[in-house]
Ligand SMILES: Nc1ncnc2c1ncn2[C@@H]1O[C@H](COP(=O)(O)OP(=O)(O)OP(=O)(O)O)[C@@H](O)[C@H]1O
Ligand SMILES: [Mg+2]
C-alpha cells in the first residue's frame, strides 16, 4: 500500500533541498564579515610584526620602530590575575547552582548572572574604579583584573553549570554507594568527570575578555613602561590599541594594527586549546 | 541457629506521603542468595536502597522501623561506614568514566583516601576481578578506561568494584536487566560463586533467574512483604494467593 504518493514525495524532496540551500546561504553570509575582518587585520598588522615588536617598549613619537612588550606583559598579568580571581568564585557558584538547581538562592544567583551578562563593560569598569581605584588612590592593574573577573564570571558560571548538570545521577550514586562522602564525591568524581567542560568554559571566558577595553580605561589605565607591579597602572593590548588608534601618528597606527593581530592570534589559540581539551579530556557517560 | 546477618523489623519507607514499603519484617542469613521479586512499582528498589541508606538521599524520603546489620541498627551508624559494609550493584552498569579498569576496581579505596601499598592494590585488583570472572578478559588492559568494556563486562567490573571493599552484604538491583542473555548467564554463574563469601540480595523480575540463583525469595506486593520462603517452596507451593497469581503470570 502506498501511503505517500510519488508526487508528494518529490515535492517534499524539493522543499527540503530549498531549505538546505537557504540555510547554507545565510551561514555563508554571516561568515563574510568575519572573514573580512580577519583578513583585514592580518593584512594591516603583519607588517608591524618582528622580533623587536615583541621585546621592545614603544618609542616616543618621531622615532621609528619600538614594540609592545609592556602591553603584552601587562595583558598577560591582568588577564592572569583576573582568571585567578574568577575561577574559584565561578566554579563554586556553578557547583552550587548545579547541586541546588531548584533552590531559592540558586534562582536568585541565576538571575544575578543573567543580569551581569547584560551590564555594559564600561559600567563594570566604573564599579571597579569605585571599589578599588578610589579607596587606593591610584589606578592599578589589580582593579582592572577585578573588572575583567566580574565580566568573566557569568560566562564561566553558565558553561560550568551546564557541564556539571549533565553529570549523571548513576555515577553520583555509584560513588556514594561505595561509602564515599558527599564532598569527596564532588571533588573526586563530579569535578574530574566534568573537567573538560569546566576548563573549556574557563578558557572561553578568558577569550571573551582578553580584548575588553572599556573596563580597563579607569582601572589599569595604561602605562608606557614595562611593570609587573599589579598595584600600579599597567599597559594592556586593548588599551594600547585604543590609545594608538586614536593618535594622529602613522607609526602608532602601525603598532596598533600589529597589537590587534597579536590579540586575534591569542584569542584564536585559546579557542583551539578549548577544542583540544574537549577532544582529549571529555568523558563520555 | 546463628544470628541473622540482617534483620528488618516493622520497617516502612516513604517518598513524601507515599508509603512505598509497608511494615516489612525479615531475617536474612549469611552466605545465601535472597531474591526480591514482585510487580513493577511494588517497592523492591526502594527497599533495597533502604538497606544501604541510599533511600534517604532523595528529598522528602523517610523511613520508620529498624534494620539491624549483625545486631547493629544501621540508622544509628554513619551511612559512610554502613555503605562500606553493604555494597551495591545497580541496574545499569556505572563504572567511573574518568578511571581505568584498575582504578575502577580500587575506586572505593581511592575515593575514600584509604592508603594501600602497591602489592595490596594489585592483590585486591586481581582477586576482585577473578571473583567477578573478568580477570582473564582484562588482565592485559588494566590501564584502559572502564567505559571501553562491553555492557556485561562493565557490569562485572561494577561487581568487582563492590566486592573489592569486602562487604558483608551485596545488594544487586536487577543487575542483568540491561544485558544480553550471554552476559546474563555469566553474571548468574558469578552470583553462585559469590555466594560462598557474601550474602547477596538480588532484585529480579525474572523468575527463572530467581529459581536458578537464589536460595530464598521474598515476594513484595504493593509495598508489603507478602511471602518469604525458600525459593523452591515459594515457586511450587506459594502460601498466599497474590504470590500464586504472580508466579502463574496473572499479573506482571
Ligand atoms: N524518587 C522517587 N520519588 C518519588 N516516588 C518514587 C521515587 N522512586 C520511586 N518512587 C515510587 O515508589 C514506588 C516504588 O518504586 P520502586 O522503584 O521501589 O519500585 P520497584 O519495585 O523497584 O519497581 P521496578 O520493578 O519497576 O523497578 C513507585 O510507586 C514509584 O512511583
Ligand atoms: Mg526497581
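Residue numbers (the working numbering), protein chains in the order written: chain A, -8 to 276; chain B, 392 to 643.
Just so it is clear, CB atoms sit at the ideal spot from N, CA and C, and this is done for glycine as well.
Values in this document were obtained by computation on a predicted structure and should not be read as measured data.
(message) Among B:452, B:446, B:632, B:431, whose alpha-carbon lies nearest the alpha-carbon of residue 409 (chain B)?
(response) B:452
(request) Hey, could you find the ends of the alpha helix (DSSP H) residue 13 (chain A) is sitting in? (result) -3 to 36
(request) Per DSSP, which residues does residue 403 (chain B) bridge with? Please list them. (result) B:455
(request) Would you please state the rounded distance, in angstroms, between the beta carbons of residue 465 (chain B) and residue 473 (chain B)? I believe it to be under 8 Å. (result) 5 Å
(request) For residue 403 (chain B), I'd like the list of residues in its chain whose CB is within less than 7 Å of its CB, leaving aside the five on either flank, ordered along the chain. (result) 410, 412, 413, 414, 454, 455, 456
(request) Please name the residue or residues paired with residue 594 (chain B) in a DSSP beta bridge. (result) B:427, B:564
(request) Spell out whether any CB of chain B is found under 9 Å from the CB atom of residue 189 (chain A). (result) no
(request) Return the first residue and the last residue of the alpha helix (DSSP H) that residue 244 (chain A) is part of. (result) 241 to 272
(message) If you follow the beta strand (DSSP E) that residue 478 (chain B) is in, where does it begin and where does it stop?
(response) 477 to 480
(message) Distance cutoff 9 Å, beta carbons only. Does residue 192 (chain A) sit that close to anything in chain B?
(response) no
(request) Look at the alpha carbon of residue 66 (chain A) and the alpha carbon of residue 210 (chain A), and state the distance between them as a whole number of angstroms. (result) 13 Å
(request) Measure the CB-CB distance between residue 561 (chain B) and residue 585 (chain B) and report whether it falls below 9 Å. (result) yes
(message) Could you tell me the alpha carbon to alpha carbon distance between residue 494 (chain B) and residue 545 (chain B), rounded to whole angstroms?
(response) 13 Å
(message) Contact defined as beta carbons within less than 8 Å: I believe residue 136 (chain A) pairs with residue 72 (chain A). What is the distance between those atoms, to the nearest angstrom?
(response) 4 Å
(message) Assuming contact is defined by CB atoms lying nearer than 9 Å, are residue 123 (chain A) and residue 206 (chain A) in contact in what I supplied?
(response) no
(request) Measure the CB-CB distance between residue 159 (chain A) and residue 276 (chain A) and report whether it falls below 9 Å. (result) yes
(message) Short of 7 Å in beta carbon distance, which residues of its chain neighbour residue 395 (chain B), apart from the five on each side in sequence? Order them along the chain.
(response) 418, 419, 420
(request) Could you say which of B:616, B:553, B:601 lies nearest to residue 633 (chain B) if we only look at CA atoms? (result) B:616
(message) Do residue 147 (chain A) and residue 78 (chain A) count as a contact pair if the criterion is CB distance below 9 Å?
(response) yes
(request) Please name the residue or residues paired with residue 172 (chain A) in a DSSP beta bridge. (result) Per DSSP, none; premise fails for residue 172 (chain A).
(message) My parser needs the alpha helix (DSSP H) runs of 4 or more residues fully inside the stretch 178 to 218 of chain A; what are they?
(response) 182 to 200, 205 to 208
(message) Give me the chain A residues within the contact set of residue 499 (chain B), using Cβ-Cβ distance strictly less than 7 Å, ordered along the chain.
(response) 169, 170
(request) Check whether the stretch 529 to 547 of chain B touches the stretch 481 to 501 of chain B, taking contact to mean three or more Cβ pairs, one atom from each stretch, closer than 8 Å. (result) yes
(request) Under 7 Å between beta-carbons, which chain A residues line up against residue 489 (chain B)? List them in chain order, please. (result) 183, 184, 274
(request) Pull up the distance between the alpha-carbon of residue 121 (chain A) and that of residue 62 (chain A), whole angstroms please. (result) 24 Å
(request) Determine, using beta carbons only, whether residue 166 (chain A) and residue 154 (chain A) come nearer to each other than 9 Å. (result) no
(message) Using a Cβ-Cβ cutoff of 7 Å, what residues of the stretch 528 to 542 of chain B are near chain A? List them in chain order.
(response) 538
(request) Rounded to whole angstroms, what's the CA-CA distance from residue 228 (chain A) to residue 85 (chain A)? Just pull it up for me. (result) 30 Å
(request) Spell out a yes or no on whether the stretch 42 to 57 of chain A and the stretch 264 to 273 of chain A are touching, meaning 3 or more CB-CB pairs, one atom from each, closer than 8 Å. (result) no
(message) Determine, for residue 34 (chain A), whether the minimum Cβ-Cβ distance to residues of chain B falls below 9 Å.
(response) no
(message) Residues in the same chain with beta-carbon distance under 6 Å from residue 516 (chain B), minus the five sequence neighbours each way, listed in chain order, please.
(response) 493, 496
(message) For residue 612 (chain B), list the residues DSSP reports as bridge partners.
(response) B:615
(message) Quick test of the definition: if touching needs 3 or more C-beta pairs under 8 Å, does the stretch 207 to 226 of chain A touch the stretch 187 to 195 of chain A?
(response) no
(request) List the residues of chain B whose Cβ lies closer than 9 Å to the Cβ of residue 4 (chain A), in chain order. (result) Simply none; closest approach about 39 Å.
(request) For residue 161 (chain A), return the contacting residues in chain B, with the cut-off set at a CB-CB distance below 7 Å. (result) 481, 483, 485
(request) Taking residue 114 (chain A) as the query, report the chain B residues whose CB atoms sit under 8 Å from its CB, ordered along the chain. (result) Chain B residues near residue 114 (chain A): none, gap ~39 Å exceeds 8 Å.
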